[in-house]
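Under the working numbering, the first residue of the sequence shown carries the number 585, and numbering increases by one thereafter. What follows is a single structure, written as structure tokens, with notes after it.
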Amino acid sequence: FEEVKYGRGPFGNSGNCNINVNCAAGDDWQVEKQAVALIVSGGSATCSGALINNTANDGYPYFLTANHCLGGGVGNWVFYFNHETSGCTGNTGPTNQSVSGATEVASNGGSDFGLLEINNGNAIPASFNAEWAGWDRTDSENAVTAATGIHHPSGDLKKICHEEDSPYHANQGGAAVWYIDEWEEGTTEGGSSGSPLFNQDHRIIGQLFGGAASCQNQGGADWYGRFGVSWDG
């Protein structure tokens with residue numbers, strides 16, 4: 585168990601092997617990316633996460649991140665949406681679309697998940713064009729043929745990574761995880777923790793716990809707490 589992908593901040597520069605979400609690798613993920621946000625605490629970027637839908641489909645501001653990101657309280661967290669480049673190149677993005685404050689709804693170290701209610705339950709401003717990601721709790725290895733992560737490494741602009749093979753079940757650091765041997769495109773870093781892992785059907789199946797992958801170790805593995813077991817605790 586190499587490291588949790590906890591943040592380094594403030595807003596930073598990630599390794600140059602990371603791929604901006606508006607590059608070609610993100611062409612098919614322009615809806616899902618709008619669910620993902622950067623988490624800032626005390627002026628420093630710490631983790632990532634995503635708005636997640638509920639069965640009422642009512643746009644309530646539930647936000648999925650990692651349990652290990654929750655230390656120190658979430659009441660003063662700031663969530664930055666749409667912090668990304670307008671195109672594939674560039675290293676600046678807007679920081680004027682944010683909401684503040686959250687309450688913990690549920691968490692479990694057994695799958696390293698944390699579910700929050702952000703913005704005191706108030707609506708996310710319509711001008712953010714936010715989306716609420718769907719999810720799949722089937723938790724079947726046979727059903728997942730590829731995976732995609734969208735995240736903010738090192739507090740940087742929104743990035744994307746792709747696993748073209750099937751992730752598999754494992755246990756890391758006491759948590760039930762999806763294990764990714766190696767990313768085919770992109771990577772993750774500190775600050776990517778809590779970011780969603782999507783299956784080939786563009787539904788969340790987990791959130792980033794930790795790993796060894798980085799631009800210095802592009803063959804390194806990553807692991808994500810499994811959404812399908814998060815509620816059994």
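We put the CB at the ideal spot given by N, CA and C, even for glycine. Remember, it's a predicted structure, so these values are computed and weren't measured experimentally.
The continuous beta strand (DSSP E) containing E747 extends over residues 743-747. The segment 657-665 and the segment 772-786 do not touch, with fewer than three beta-carbon pairs separated by less than 8 Å.
Remark: C-beta atoms of N726 and G671 do not approach each other more closely than 8 Å.
A direct Cα-to-Cα measurement between A805 and V813 gives close to 21 Å. The Cβ atoms of E769 and A609 lie closer than 8 Å to each other. Sequence-distant partners of I708 (beyond 5 residues in either direction) whose C-beta falls short of 6 Å from its own C-beta, in its chain, are P645, A714. Leaving aside the five residues that flank G599 on each side, the residues in its chain whose CB is nearer than 6 Å to its CB run, in chain order, C799.
For V683, the enclosing beta strand (DSSP E) begins and ends at 682-684.
One alpha carbon belongs to G803, the other to A796, and they sit about 9 Å apart.
Residue environment: S695 is assigned as buried (16 or more neighbouring CB atoms within 10 Å of its CB, all protein chains considered). Here W807 is near I764, since their CB atoms are less than 8 Å apart. Its Cα nearest to that of N651, the residue G758 stands out among N801, E766, N783, G758. An exposed status is given to R721, since fewer than 16 other beta-carbon atoms sit within 10 Å of its beta-carbon. Secondary structure note for L622: its beta strand (DSSP E) is the uninterrupted segment 620-625. In the same chain as V761, and ignoring 5 residues on each side of it, the C-beta atoms closer than 8 Å to its own belong to S695, D696, H753, A754, N755, G790, F793, W807, Y808, G809, R810, in chain order.
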